[in-house]
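K.L.:
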Amino acid sequence: MATTEHPPPSRLRSWMLEGLSDMGKGGGHVGPHAEPEPPHRGQPWYRVMCLTGVDYFSTLGYQPGIAALAAGLLSPVATIVLVLVTLAGALPVYRRVAEESPHGEGSIAMLERLLSFWQGKLFVLTLLGFAATDFLITITLSAADASTHLVENPHLTGTLHNQQMLITLVLVALLGAVFLKGFLEAVGVAVALVGLYLALNVVVVVVGLWHVLTAGHVVADWSSALTAEHGNIFAMVGVALLVFPKLALGLSGFETGVAVMPHVKGDPGDSEERPTGRIRDTKKLLTTAALIMSVFLIATSFITTLLIPEKDFESGGPANGRALAYLAHEYLGGVFGTVYDVSTIAILWFAGASAMAGLLNLMPRYLPRYGMAPHWARAVRPMVIVFTLIGFLVTWIFDADVDAQGGAYATGVLVLISSAAIAVTIAARKAGQRGWTIGFAVISAVFLYVTVANVIERPDGVKIGACFIAGIILVSLLSRLARAFELRVTSVTLDPMAERFIRDIASRKIRFIANEPDQRDQAEYREKIEQIRADNDIPGEDFVFVEVTVLDPSEFEASLTVRGEVLHGRYRVLTLESSSIPNALAALLLHVRDLTGCIPHMYFEWTEGSPFHNFLRFFLFGQGEVAPVTREVLREAEPDRARRPRVHTG
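Every position in the sequence shown, counted from 1, becomes a number in my numbering once 5 is added.
1. Check the C-beta distance from F561 over to R649 and give it rounded, since I have them as a contact under 8 Å.
2. For V553, collect the residues of the same chain with a Cβ closer than 6 Å to its Cβ; drop the 5 residues on either side in sequence, then sort them by chain order.
3. Between the Cα of D60 and those of S359, P273, N206, spot the shortest distance and give me the residue it belongs to.
4. Under the three-state reduction of DSSP, which class applies to S559: helix, strand or coil?
5. Could you tell me whether the Cβ atoms of I474 and T131 are closer together than 9 Å?
6. What is the DSSP secondary structure of I518, reduced to helix, strand or coil?
7. Rounded to a whole number of angstroms, what is the C-alpha to C-alpha distance between L180 and E637?
8. Taking the beta carbon of A39 as the centre, do at least 16 other beta carbons fall within 10 Å, making it buried, or is it exposed?
9. For the alpha helix (DSSP H) containing R485, name the first residue and the last one.
10. When you compare each of S559, R575, P558, L579 to R568 by their alpha carbons, which one comes out closest?
11. Give a yes or no on whether the C-beta atoms belonging to M170 and W401 are separated by under 9 Å.
12. Rounded to whole angstroms, what's the CA-CA distance from L205 to Y345? Just pull it up for me.
13. Among residues of its own chain, excluding the 5 on either side of P43, which ones have a beta-carbon nearer than 6 Å to its beta-carbon?
14. To the nearest angstrom, report how far apart G466 and Q68 are at their CA atoms.
15. Please list, in chain order, all residues of the same chain as P522 whose beta carbon is under 7 Å from its beta carbon, the five residues on each side excluded.
16. Rounded to the nearest angstrom, how far is the Cβ of V429 from that of A519, given a contact under 8 Å?
17. Would you kindly work out how many angstroms separate the C-alpha atoms of D526 and R577, rounded to a whole number?
18. In whole angstroms, what is the alpha-carbon distance linking A563 and E491?
19. Is the distance from the Cβ of S257 to the Cβ of Y414 below 9 Å?
20. To the nearest angstrom, how far is it from the Cα of G417 to the Cα of F341?
21. According to the neighbour-count rule (16 or more other Cβ atoms, all chains shown, within 10 Å of its Cβ), is P2 buried or exposed?
22. What ranges does the alpha helix (DSSP H) occupy inside the region 42-110, keeping only unbroken runs of at least 4 residues that lie completely in it?
23. Buried or exposed for P37, going by 16 or more other Cβ atoms inside 10 Å?
24. Counting only runs that start and end within the region 146-190, where is the alpha helix (DSSP H) found for 4 or more residues in a row?
25. So for V265, helix, strand or coil by DSSP?
26. Where does G569 sit, in a helix, a strand or coil, going by DSSP?
27. Considering just the uninterrupted stretch of the alpha helix (DSSP H) at T293, what are its terminal residues?
28. Please identify the residue among D547, C472, L453 whose C-alpha is closest to the C-alpha of I395.
29. Using C-beta distances below 6 Å, list every residue in its chain close to L185, excluding the 5 sequence neighbours before and after it, in chain order.
30. Count the other C-beta atoms from every protein chain shown that fall within 10 angstroms of the C-beta of N237, then say buried if there are 16 or more, exposed otherwise.
31. Looking at C-alpha atoms only, which residue of T601, N158, M54, L231 is the closest neighbour of H334?
32. Helix or strand or just coil, what does DSSP make of L252?
33. When the Cα atoms are used, what is the spatial distance from I142 to G411?
34. In three-state terms, what does DSSP make of T430?
35. Tell me the DSSP secondary structure of R575 in three-state form.
36. Report the three-state DSSP secondary structure of L205 (helix, strand or coil).
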């Protein structure tokens, strides 16, 4: 490929573009949550569980309050429904995702493999929009709930009253500042945070259950009120199913669970193609996390519903967004309550860090490969600034309100889980597993119902998701348009026959003819040579034909393999397969120039039709007006006119 001298970049530009992944710490890996451990030197699964646990377990900070607002006295019953869906639905789905995608790509990569061409790219971009919704709302919602714990602390409420918006923005800004400095997630920090937070929650749950059991009238009053409000158990279950979509936040964390797979230590005999030990231990990770969370969800919804007055859950109430912290202060005193607040703030903030790391590693996995991101999108720091600014905007739109963001968060979570359920259903069907196919299809139907119900109930979630999708698609297409004339070929390889053709013709003037293959009979090549000679007024027949077959024009970058063949005993033909004809031809010309030290010439004929229509054909289908586009690709790749391969059109 051509090399071009550029002036040295400024120090600020060098700092901003330092590294293309992994929080600016070098290495080309683009994977979830920083650079994975070297092969077979990962972490034990229970430690990696804490890495996903900062996202999953931290929802205890706000889930009981949201459940109480959504279901009222029915909150424990509705939470049991949530747990059943978690253990019988989401858990089997993601255990299968771990099998099918053991390198942390998740369900999006599974679905990407099923679709090609532009529909596949647009589908992935749509899922990326919902993933962005999930991760970005995780950042803003977690920061908002952390600020709620800070503002409502009895020792600080007088000083920080009405400052929740400012505190939330500061927390989001601090998160961005950490990533600008350079952030590598430490499993040890996650283990400490999760261990402390769960231990404090055990204390709160035990004390809460003790108060419920020792004050017998509490259970009796709740049971009487529940029966009076809903009648029999069947009516309760029916209502619980109806309000279940509002509780979907308790399903978060599964996508992160498979994203951290590269960190899980497998067996010594694991291979990259089939890391059996890593898959087995990731399944343990997912199962253990789901069981722990299920126990906490049921216990916390029970004690918060029975011990906290219903009005205190409402917006502005002391238990809004901090139900367990309310109980910690109420029954264990200000000192313990403050320690609980600090641990909650820490794990919620770290959940935001986990989400930011997920964003920074998810987008570069797809967008640059599609040509749908500018070059600087491969660097961490510019993307941190973009995501931080979006976080500010989302916080301002939702007024740093935890309840208001629940719909958008649940929508992102549910769409990802639904897509995962559909992906594993298709995988089971392709594997001929009829039982699993039926089971996963039922699970998919359940999650699709919950997703649709959530969208109908809280359309703000899908509106925010649609904004992210529209933004990603618009920016992606504009970026692809701006980068259309890049070389887009990562390497060029010649087979022995192609090398022989190039070596032979290099002793004379190197002349290629761009030919669109049709019948490939003798008359086609003879007539093409005669046309080129007449159009350009050149003698002889010392030409080599070049023919490009377009495979998937939606792909952006690819390597190029050039094969040589002799047709009809006299015509030398180089055949290539690429996503774009002009870019492949330009890459071949530059490679031949660098290989031989001679300037090659390529001859075209003009394409009939509207220039605009032909450009659209090139942009969407890799064809169109080949000659001028090839020249433009060469002009961008080689600014020195003296060294630029020549393009002739007659």
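In this text, a Cβ means the ideal position worked out from N, Cα and C, and glycines have one as well. A quick note: this is a predicted structure, and the numbers were derived from the prediction, not measured.
P.N.:
Taking the structure as given:
1. As a first step, residue 561 is located in the sequence shown; it is residue number 556 there, counting from the start. As a first step, residue 649 is located in the sequence shown; it is residue number 644 there, counting from the start. With 8 Å as the limit, F561 and R649 do not qualify as a contact, their Cβ atoms being about 23 Å apart.
2. For this step, residue 553 is matched to residue 548 along the sequence shown. Only L581, S583, I586, A589 meet the Cβ criterion.
3. Counting from 1 along the sequence shown, the entry for residue 60 is found at position 55. It is S359 whose Cα lies nearest to the Cα of D60.
4. Counting from 1 along the sequence shown, the entry for residue 559 is found at position 554. DSSP, reduced to helix, strand and coil, places S559 outside both helices and strands of the structure shown, so it counts as coil.
5. By 1-based counting over the sequence shown, the position of residue 474 is 469. By 1-based counting over the sequence shown, the position of residue 131 is 126. Going by C-beta atoms, I474 is nearer than 9 Å to T131.
6. As a working mapping, residue 518 is identified with position 513 in the sequence shown. Judged by DSSP in its simplified three-state form, I518 adopts strand.
7. Position 175 of the sequence shown holds residue 180. Position 632 of the sequence shown holds residue 637. Each residue's Cα considered, the two are about 43 Å apart.
8. On the sequence shown, position 34 is the one that residue 39 refers to. Because the pLDDT of A39 is 42, which lies under 50, any placement of that residue in the model is unreliable, and the question is left without a value.
9. In the sequence shown, residue 485 corresponds to position 480, counting from 1. First-last of the alpha helix (DSSP H) with R485: 464-487.
10. Reading the sequence shown from its first residue, position 563 is the one you call residue 568. Nearest of S559, R575, P558, L579 to R568, Cα basis: L579.
11. What you label residue 170 is simply residue 165 of the sequence shown in a count that begins at 1. What you label residue 401 is simply residue 396 of the sequence shown in a count that begins at 1. Their beta carbons are under 9 Å apart, which means M170 touches W401 by this criterion.
12. On the sequence shown, residue 205 is found 200 positions in, with the first residue counted as 1. On the sequence shown, residue 345 is found 340 positions in, with the first residue counted as 1. Roughly 7 Å separates the two Cα atoms.
13. Position 38 of the sequence shown, counting from 1, holds the residue named residue 43. The predicted position of P43 is uncertain, since its pLDDT is 47 and thus under 50; a value taken from the coordinates is nonetheless stated next. Nothing meets the Cβ criterion.
14. Here residue 466 refers to the residue found at position 461 when the sequence shown is read from its first residue. Here residue 68 refers to the residue found at position 63 when the sequence shown is read from its first residue. In a straight line, the C-alpha of G466 is about 17 Å away from that of Q68.
15. The residue you call residue 522 lines up with position 517 of the sequence shown. Only E552 meet the Cβ criterion.
16. Numbered from its first residue, the sequence shown carries residue 429 at position 424. Numbered from its first residue, the sequence shown carries residue 519 at position 514. V429 to A519, Cβ: 46 Å. No contact.
17. What you label residue 526 is simply residue 521 of the sequence shown in a count that begins at 1. What you label residue 577 is simply residue 572 of the sequence shown in a count that begins at 1. Rounded to whole angstroms, D526 to R577 spans 13 Å at the Cα level.
18. Residue 563 sits at position 558 when you count from the first residue of the sequence shown. Residue 491 sits at position 486 when you count from the first residue of the sequence shown. Taking the straight line from one Cα to the other gives about 12 Å.
19. Taking the sequence shown and counting its residues from 1, one reaches residue 257 at position 252. Taking the sequence shown and counting its residues from 1, one reaches residue 414 at position 409. Yes, the pair counts as a contact, with Cβ atoms nearer than the cut-off.
20. Position 412 of the sequence shown, counted from the first residue, corresponds to residue 417. Position 336 of the sequence shown, counted from the first residue, corresponds to residue 341. Looking at the two C-alpha atoms, the distance is approximately 34 Å.
21. Since the displayed the chain opens at 6 and closes at 655, residue 2 lies outside it and no answer follows.
22. 50-61, 68-76, 80-90, 96-105
23. By one-based count along the sequence shown, residue 37 stands at place 32. Reliability fails at P37, whose pLDDT of 38 lies under 50, so the model's placement of it is uncertain and the value that follows must be treated cautiously. P37 should be labelled buried.
24. 162-165, 169-186
25. Position 260 of the sequence shown holds residue 265. Coil.
26. Sequence index remark: in the sequence shown, residue 569 carries index 564 (1-based). Of the three classes helix, strand and coil, the one that applies to G569 here is strand, per DSSP.
27. Here residue 293 corresponds to residue number 288 of the sequence shown, with the count starting at 1. From DSSP, the alpha helix (DSSP H) with T293 extends over 281-312.
28. As a working note, residue 395 is residue 390 in the sequence shown. Nearest C-alpha to I395: C472.
29. As a working mapping, residue 185 is identified with position 180 in the sequence shown. Excluding sequence neighbours, L185 sits near R386, V389.
30. Mapped onto the sequence shown, residue 237 falls at position 232. That one is exposed.
31. Against the sequence shown, residue 334 aligns to sequence position 329. Of the candidates T601, N158, M54, L231, the one whose C-alpha sits nearest the C-alpha of H334 is N158.
32. In the sequence shown, the residue the question calls residue 252 occupies position 247. Three-state result, L252: helix.
33. To locate residue 142, count along the sequence shown from 1; it is residue 137. To locate residue 411, count along the sequence shown from 1; it is residue 406. Cα to Cα, I142 sits roughly 9 Å from G411.
34. In the sequence shown, the residue the question calls residue 430 occupies position 425. Helix at T430.
35. In the sequence shown, residue 575 corresponds to position 570, counting from 1. If DSSP states are grouped into helix, strand and coil, R575 belongs with coil.
36. If you number the sequence shown from 1, residue 205 lands on position 200. Helix.
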